[in-house]
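Some notes on the structure that comes next.
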Amino acid sequence: MHSYFEKSEKRRRILNKIKSRRIIIDKFNIPLGIVPSEYVYPMEGTKIELKNTDNGDIYSYKISVSAEKIFSLYMKLLKLFPSYGTMVIERISEDVNRDFDVLMSDPDISLNEIRKVFKRYNELWIECGFVGFGVIDELTEFEIFINLNKEIEINTSYKNIKKINRILNSYKLFNDEVSFISDYEHIHYSLSSIVADEGCSENYEYIFDYYDIINNLKSDYGFTTVNLNDLNNIIKMPKWWNVTVKGLGKCQKRTFMSTYYIVASTIEEMETLIDEKMNDMKVDYYYIYDFYNVDPNNYNYENVNVADIHNVSFERAPFGIWGQSDVFICKAKNIASYYINKNYARTY
């Protein structure tokens, strides 16, 4: 089964090209989306910690493993999982009030479907520095997760210990001198930004874009954002929005994407403004591709198409749509996503 990124010769060529530039430190393959400082020296191995919870003792594993082994190791660990579980995606957040977003699928997704999602987008979960992937049994808190630093984390009760240890031992991952990438200074990059550095067209950046993939998974598996906001950590009140809309052209052969910069006090107000804008444009089928709160001082009117030239300050703009980006047009792929109900994840 070819992954999503290997479906065509062009995609495979791009993938192989960026993989050829992988950083390797003493036979340890660094994931493509992680660029460490020159002083990094990761070593394979495992740390285990015992945690006391309301549901009993939980054993937490943190595993450092070379990138080329992550896929096969994770697939073997998935065999220990029950027949159903909940998928979890972690991504670096664009929101001014959050460092990262956590999205959870519908509960009781079959293990076969979970394997399918992991295999189909394996390069995203293993290589992209902006995304993590895992699965959790919410009943027992058994969890197997690839975090943003591409370290594997496991939380389990005692009953899985022997089987997990047997798998880790087969990969020679019991090493007391383990060293994690997260212990050192490093920078995260998305796969699409790495593709952009290769001078590829916008269409191929779009194919490797984690936001697009995650949004497609939302309609298939019901991924919604988990509210992790702490009111004490609010930097900017939810008022200034960056909202990207994906719409379907009348011929249903072209889609468009455009970003709107909106002043609104609630998500409901923001959605109403977008709906009115789409009605004015006579767009029948669209959905909100992404939205998040921003610091208005980071936006310069010269870089956007402002709605009113007399309101050049995003921070002082009145209620409504302050500006809009250029429109990106491409071929329509999955038109079914435009017919789903507008069920947007509430993050506030």
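Residue 315 in this note's numbering sits at position 304 of the sequence shown, and the numbers go up by one each step.
C-beta: ideal position from N, C-alpha, C; glycine also.
Take the Cβ of residue i as the centre, count every other Cβ of all protein chains shown within 10 Å, and call the residue buried at 16 or more, exposed below.
i           : result
residue 13  : exposed
residue 68  : exposed
residue 106 : buried
residue 220 : buried
residue 242 : Confidence at residue 242 is low in this model, with a pLDDT of 49, below 50, so the placement of that residue is unreliable and no value is reported for it.
residue 287 : exposed
residue 330 : exposed
residue 112 : buried
With distances taken Cα to Cα, identify the nearest neighbour of residue i among the options.
i           : options           : result
residue 193 : 158, 203, 209     : 158
residue 217 : 55, 84, 339       : 339
residue 186 : 74, 49, 18        : 74
residue 177 : 251, 254, 231, 90 : 90
residue 108 : 307, 258, 42, 333 : 307
residue 367 : 39, 147, 236      : Residue coverage of the chain in this structure runs from 12 to 359, which leaves residue 367 outside it and unanswerable.
residue 184 : 124, 72, 100, 286 : 72
residue 92  : 294, 146, 100, 32 : 146
residue 265 : 280, 257, 271     : 257
residue 225 : 56, 135, 335, 17  : 135
residue 305 : 124, 180, 249     : 249
For residue i, which beta-bridge partners are listed by DSSP?
i           : result
residue 341 : 266
residue 71  : 60, 166
residue 257 : 268, 298
residue 140 : Answer is none; residue 140 lacks a bridge partner.
residue 333 : Per DSSP, none; premise fails for residue 333.
residue 303 : 253
Which residues mark the beginning and the end of the alpha helix (DSSP H) in which residue i is found?
i           : result
residue 283 : 278-291
residue 231 : 221-232
residue 124 : 122-131
residue 79  : 78-89
residue 206 : 202-208
residue 29  : 20-30
The beta strand (DSSP E) with residue i in it runs from where to where?
i           : result
residue 100 : 95-103
residue 111 : 111-115
residue 154 : 153-157
- Is there contact between the stretch 24-31 and the stretch 161-171, where contact requires at least three CB pairs shorter than 8 Å? no
- Item | Three CB pairs or more closer than 8 Å across the stretch 40-48 and the stretch 199-208 | yes
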